[in-house]
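Residues 4 to 260 in my numbering are what the sequence shown lists, from first letter to last. Just so it is clear, CB atoms sit at the ideal spot from N, CA and C, and this is done for glycine as well.
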Amino acid sequence: MNIYGLIGFPLTHSFSKRYFTDKFEREGIKESIYNLNEMETLDGLLDFIKNTPELRGLNVTIPHKKNVVQYLDDLDEASAERIGAVNTIKIYADGSTKGFNTDYYGFKQSLEEWFDKRGEDCEGIKALVLGDGGAAKAVKVALEDLHIPFHIVSRSKSEHTLQYEELTEEIIKNHRLIVNTTPLGTYPNTDSFPDLPYQWITTGHYLYDLVYNPAETQFLKKGMAMGAQGLNGLKMLEMQAEKSWNIWVHEDSLWSV
4 MNIYGLIGFP
14 LTHSFSKRYF
24 TDKFEREGIK
34 ESIYNLNEME
44 TLDGLLDFIK
54 NTPELRGLNV
64 TIPHKKNVVQ
74 YLDDLDEASA
84 ERIGAVNTIK
94 IYADGSTKGF
104 NTDYYGFKQS
114 LEEWFDKRGE
124 DCEGIKALVL
134 GDGGAAKAVK
144 VALEDLHIPF
154 HIVSRSKSEH
164 TLQYEELTEE
174 IIKNHRLIVN
184 TTPLGTYPNT
194 DSFPDLPYQW
204 ITTGHYLYDL
214 VYNPAETQFL
224 KKGMAMGAQG
234 LNGLKMLEMQ
244 AEKSWNIWVH
254 EDSLWSV
């Protein structure tokens, strides 16, 4: 039996378990199971890995994406090391571990696909990233790699961020991509939304919400009412899940035995 799973706390609702269970059945992947492993702390992580020899890989979610780094043997330079957060762990045959960030790949690939379908490219695009928490880390690195300049928008004032009340008509019009990395609008709090001046959003804007439940958040509804294009986080989640699977099954390394 090949065991995969998710660690985090709490795990009351899991996209990953549903996705991988359906994938295993749909694609006829035998002798594989995906479990939920609630861990309020990471104190028992290394023992869990050591005592579960069939364990091939783990996904990591809130609140452990940053803290888990210190428990791993290696980090993927292209994603996890640069971002400072891990959401996928590969466990090799010798018991060694390597951390990746597939949120980076999921966001980057889904954004490129979206732009391509709209006949758009990244050249000349500027972005506003709403929120500066853990979810924003992967988004920021992906935007850097796509050569999309961006500003962080946060409720907290710092030299590196803009506050919502500082957003002018000129700033909104010059930043055609707006990415919501906050949990605002997530079920069951579906009436909440980032406090943007939506009246300045135009038909030339792209609103990307990392939230996927509900499919159409208030953030997307308000932007689309002004003619903007909108995309939720479901495609990103699916792409990051597939990237996790490819890492677990195919990612090669000198550590493999």
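Q) Of all the alpha helix (DSSP H) runs that stay within the bounds of the stretch 47 to 86, which reach a length of 4 or more residues? A) 48 to 53
(Q) Tell me which residue opens and which closes the alpha helix (DSSP H) that THR105 is part of. (A) 105 to 120
Q) When the Cα atoms are used, what is the spatial distance from ALA231 to ASN62? A) 33 Å
**Q.** Cutoff 8 Å; reference GLY137; Cβ partners in own chain excluding five residues on either side
**A.** ILE65, LYS68, LYS69 and ALA88
Q) How is THR91 classed by DSSP in three states: helix, strand or coil? A) strand
Q | Rounded C-alpha distance that separates SER195 from LYS20 | A | 27 Å
Q) Got a sec? Which residues, its chain only, sit under 8 Å from ALA139 by beta carbon, not counting five neighbours each side? A) VAL132, ILE155 and THR184
Q) Taking the alpha carbon of GLU245 as the point to measure from, which residue in ALA81, PHE18 and ASN177 has its own alpha carbon closest? A) PHE18
Q. Mapping DSSP to helix, strand and coil, what is GLU241?
A. helix
Q) Do you know how far the Cα of ARG59 is from the Cα of TYR95? A) 7 Å
Q | Check whether ASP114 and ILE92 have beta carbons under 9 Å apart | A | A small correction: the amino acid at residue 114 is Leu; Asp does not occupy that position in the sequence shown. No, the Cβ-Cβ distance between LEU114 and ILE92 is not below 9 Å.
Q) Where does THR164 fall in DSSP's three states? A) strand
Q: Output yes or no for whether 9 Å exceeds the beta carbon distance between GLY102 and ASP79.
A: yes
Q | Sequence-distant residues of its chain with Cβ nearer than 6 Å to SER35 (five each side left out) | A | ASN5 and PHE27
Q. By Cβ distance, which residues of its chain are closer than 6 Å to GLY207, with the 5 residues on each side in sequence left out?
A. ARG179
Q) Rounded to a whole number of angstroms, what is the C-alpha to C-alpha distance between TRP258 and ILE181? A) Reliability fails at TRP258, whose pLDDT of 39 lies under 50, so the model's placement of it is uncertain and the value that follows must be treated cautiously. Answer to the nearest angstrom: the Cα atoms are 40 Å apart.
Q) Between GLY8 and ASN54, which are expected to be in contact by the criterion C-beta below 8 Å, what is the C-beta distance as a whole number of angstroms? A) Contact doesn't hold; Cβ gap of about 14 Å is too wide.
(Q) Just list the residues that DSSP pairs ASN5 with in beta bridges. (A) SER35
Q.
So, at 7 Å on beta carbons, what are the nonlocal neighbours of GLU24 in its own chain, with the 5 sequence-adjacent residues on each side left out?
A. It should be pointed out that residue 24 corresponds to Thr in this sequence rather than to Glu. Cβ neighbours of THR24 beyond the five flanking positions: TYR37.
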